[in-house]
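Right, one structure below, let's go through it.
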Amino acid sequence: MGTLTKVAIMSTYNTYEDGTFITKKLSREAATEMCFAKKVVIGKNANVDKIVKVGDTVDIGDTLVSFDTSFEDDSINALLANMSEQDKTNILSSSKNNIQSKVGGVIEDIKIYAAVELDEMSPSLKQIVSAYYAKINEKKRFLNKYDPDHANSTVKCGIMMTESSKNTEPNMYGVIKGENVDDSVLFEFYIKHSEPLEVGSKIANFTKKCGEVKPL
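The number in my numbering is simply the position in the sequence shown, starting from 1, with 60 added.
Structural data, given as structure tokens:
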């Protein structure tokens with residue numbers, strides 16, 4: 061039903077109509093957890109400088125992922141990849157994309173949907189997507205070990221596998237999950253935010269009758 065707590069019924073001039081007092085402890089224990097999704101499309105030739113990891117804590121305005129514009133000329137991307145960080149920063153300062161978080165919280169999950177093969181990606185992007193695929197394959201091997209009868213099923217050990225360790229085919233319009241991806245990579249950042257009770261929050265009290273009270 062909710063958070064188990066002790067309630068004192070009393071008369072005081074400090075409350076108004078249906079207002080009440082709660083402790084800081086109850087405010088934290090009855091907090092509401094919300095998960096916000098942020099979608100980012102990164103071109104296959106883009107060089108990724110920074111990306112958050114699952115479990116990281118972010119504040120409002122913190123960087124989720126930073127990357128440069130995806131150049132179509134592979135020779136330019138190869139040149140940039142071999143440059144020092146200082147030279148690369150000076151050249152790409154005008155084409156830098158810095159995707160920031162609009163909420164504070166914890167990175168609950170990151171899902172990746174690639175519309176291109178690994179060999180077509182820039183070295184930095186390939187490294188990120190390869191690590192994501194490896195994590196999915198390791199999870200599949202672990203579940204298949206204890207549920208070999210469902211090795212080819214999407215449900216293993218009662219867990220539905222929603223991630224894929226291969227590229228995702230866009231629809232006829234080049235769209236994946238509502239985003240125009242074409243030959244790029246779609247990232248979904250899930251940020252879990254906890255909202256404690258505060259002034260103006262609404263609460264409802266539920267009670268259960270435990271037994272009859274006999275008069276003395």
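Using N, Cα and C, we set each Cβ at its ideal position, and we do this for glycine too. Note that the structure is a prediction, hence the values are computed from the model and not measured.
Rank the options by C-alpha distance to the C-alpha of residue i and give the top, closest one.
| i | options | result |
| --- | --- | --- |
| Ala90 | Tyr193, Lys262 and Lys268 | Lys262 |
| Lys84 | Cys217, Val245, Glu258 and Asn265 | Glu258 |
| Tyr173 | Val100, Thr92 and Gly62 | Val100 |
| Asn231 | Ser225, Thr222, Ser224 and Val241 | Val241 |
| Val235 | Leu246, Ser225 and Glu77 | Leu246 |
| Lys113 | Ile167, Asn204 and Asp78 | Ile167 |
| Ser225 | Met70, Tyr193, Tyr76 and Met143 | Tyr193 |
| Glu145 | Val176, Lys110 and Asp122 | Lys110 |
| Met221 | Gly115, Thr63 and Lys199 | Lys199 |
| Ile170 | Ala97, Thr228 and Lys237 | Ala97 |
Quick one: what does DSSP say residue i is sitting in, helix, strand or coil?
| i | result |
| --- | --- |
| Lys98 | strand |
| Glu177 | coil |
| Tyr2 | The question about residue 2 has no answer here: the residues shown for the chain are numbered 61 through 276. |
| Phe266 | coil |
| Glu145 | helix |
| Lys200 | helix |
| Leu257 | coil |
| Ser213 | coil |
| Ile188 | helix |
Does the beta carbon of residue i come closer than 8 Å to any beta carbon on chain D?
| i | result |
| --- | --- |
| Leu185 | No chain D appears in this structure, which consists of one protein chain only. |
Looking only at its own chain, which residues have a Cβ that is under 7 Å from the Cβ of residue i, when we skip the five neighbours before and after it?
| i | result |
| --- | --- |
| Leu178 | Lys186, Val189 and Ser190 |
| Tyr206 | Cys217 |
| Ile120 | Ser161, Lys162, Val163 and Gly164 |
| Glu239 | Lys99, Val101 and Leu246 |
| Thr214 | Met220 and Met221 |
Quick one: residues in its chain with C-beta nearer than 8 Å to the C-beta of residue i, no 5 flanking neighbours on either side, listed in chain order?
| i | result |
| --- | --- |
| Val108 | Ile102, Val125, Ser126, Phe127, Ser182, Ser184, Leu185 and Ile188 |
| Arg88 | Pro256 |
| Thr75 | Phe81 |
Within 7 Å: the Cβ of residue i and any heavy atom of the ligand SAH?
| i | result |
| --- | --- |
| Asn240 | Within the structure as shown, the ligand SAH is missing, as the structure has no ligands at all. |
To which residues of the same chain is residue i closer than 6 Å at the C-beta, ignoring the five residues directly before and after it?
| i | result |
| --- | --- |
| Val118 | Ser161 |
| Thr92 | Glu255 |
| Asn204 | Ala211 |
| Glu223 | Ile196 |
Next item on the list: Write down every uninterrupted run of the beta strand (DSSP E) in the stretch 62-91 whose length is 3 residues or greater and which is fully enclosed by it, in chain order.
Entry: none
Next item on the list: Determine contact between the stretch 116-127 and the stretch 156-166, defined as no fewer than three beta-carbon pairs at a distance below 8 Å.
Entry: yes
Notebook entry, point to check: Quick one: any contact between the stretch 239-253 and the stretch 163-171, if contact means 3 or more CB pairs under 8 Å?
Noted result: yes
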